[in-house]
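See below for the structure under consideration.
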Amino acid sequence: AIQRTFSIIKPDATKRNLTGAINAKIEAAGLRIIAQKRIHMTKAQAETFYGVHRERPFFGELCEFMVSEPVVVQVLEGENAIAKYRDVMGATDPAEAADGTIRKDFALSKGENSVHGSDAPETAAEEIAYFFSGLELVG
Ligand code: CMP
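Everything in the sequence shown is counted per UniProt numbering, starting at 2 for the first residue and increasing by one.
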C-alpha cells in the first residue's frame, strides 16, 4: 500500500552539504518527497521528538547533536514507504550498513548517522504531525 514516512536529514549531513546527494538516493528508490523544510530544531523540540529514548545513555548527546546545526525534515510517500526508506537508510551503525545505503556512504558513526526514518505507521503519523501541518503535504 502507499504509505508516508517521516525523514530527517541530520546535522552531520547538512553540514557537509549532503542534502542533495541524500535526496537523490531517496528519489532513485522511488520515494516522492511530498514535503520538505530546513529548520534549526530547538532543544525542547529535540527532547520531545526523541522522548522515547529519554532513559538511554546517549539521550543528552543525541539531543545536543540534533540542535548543533540545521536539519531538513521531510515527508516521503510511496509503496511500502516506511520499510523502503529504512532499506535506503541502512543500519543505524554505518559499519553494519549495506553497500549503496545512505548510512554506508555518508554516516560518520551510530550517533552522527546522517538520517532518521520512522519505524512504524503509528510513529510515522505522529512524527509527521509534529513537524508539518496537513496543508504542507503536497502529494
Ligand atoms: P534515529 O533513527 O534518529 O533514532 C534514535 C537515534 O539514536 C538513532 O537514530 C541514532 O542516531 C541514535 N543512537 C543510537 N545509538 C546511539 C549511540 N550508541 N550513541 C549515540 N547515538 C545513538
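Built from N, CA and C at the ideal position, the CB exists for glycine as well. The structure presented is a predicted model; accordingly, all values stated were derived computationally and were not measured.
Residues in the same chain with beta-carbon distance under 7 Å from alanine 36, minus the five sequence neighbours each way, listed in chain order, please.
Around alanine 36: Gln75, Val76, Phe133, Glu137, Leu138 and Val139.
Check your understanding: Helix, strand or coil: which one does DSSP assign to glutamate 62?
Key -> Here glutamate 62 sits in helix by DSSP.
DSSP beta-bridge partners of glutamate 78
Residue pairing by DSSP puts glutamate 78 in a beta bridge opposite Arg5 and Arg33.
Is any non-hydrogen atom of the ligand CMP found closer than 6 Å to the C-beta of glycine 112, if you look at the structure I gave you? Flag set: Cβ of glycine 112 near the ligand CMP.
*asked:* Beta-carbon within less than 6 Å of methionine 67's beta-carbon, same chain only, minus the 5 sequence neighbours each way: which residues are those?
replied: Within the same chain, Cβ atoms closer than 6 Å to the Cβ of methionine 67 are found at Met42 and Ala47, the five residues on either side in sequence being excluded.
Anticipated Cβ contact below 8 Å, glycine 31 with glycine 101, distance rounded: About 14 Å separates the two Cβ atoms, so there is no contact after all.
| query | Anyone know if the C-beta pair for threonine 93 and lysine 105 falls short of 7 Å? | reply | If you check the CB distance, threonine 93 and lysine 105 do not come in under 7 Å.
With DSSP run on the structure shown, which of helix, strand or coil describes histidine 54? Histidine 54: helix per DSSP, three-state reduction.
Can you check the region 75-118 for any beta strand (DSSP E) of at least 3 residues that lies completely inside it and give the ranges in chain order? Qualifying beta strand (DSSP E) stretches, in chain order: 116-118.
Does DSSP put lysine 38 in a helix, in a strand, or in coil?
-> Three-state result, lysine 38: strand.
With distances taken Cα to Cα, identify the nearest neighbour of isoleucine 40 among Pro12, Leu19 and His54. Here the closest residue by C-alpha is Pro12.
Review point. Could you check where the alpha helix (DSSP H) with proline 122 kicks off and where it finishes?
Key: Here the alpha helix (DSSP H) through proline 122 covers 122-132.
*asked:* If I follow the unbroken alpha helix (DSSP H) through threonine 43, where does it start and stop?
replied: That residue, threonine 43, is in no alpha helix (DSSP H); it is neither H nor E in DSSP.
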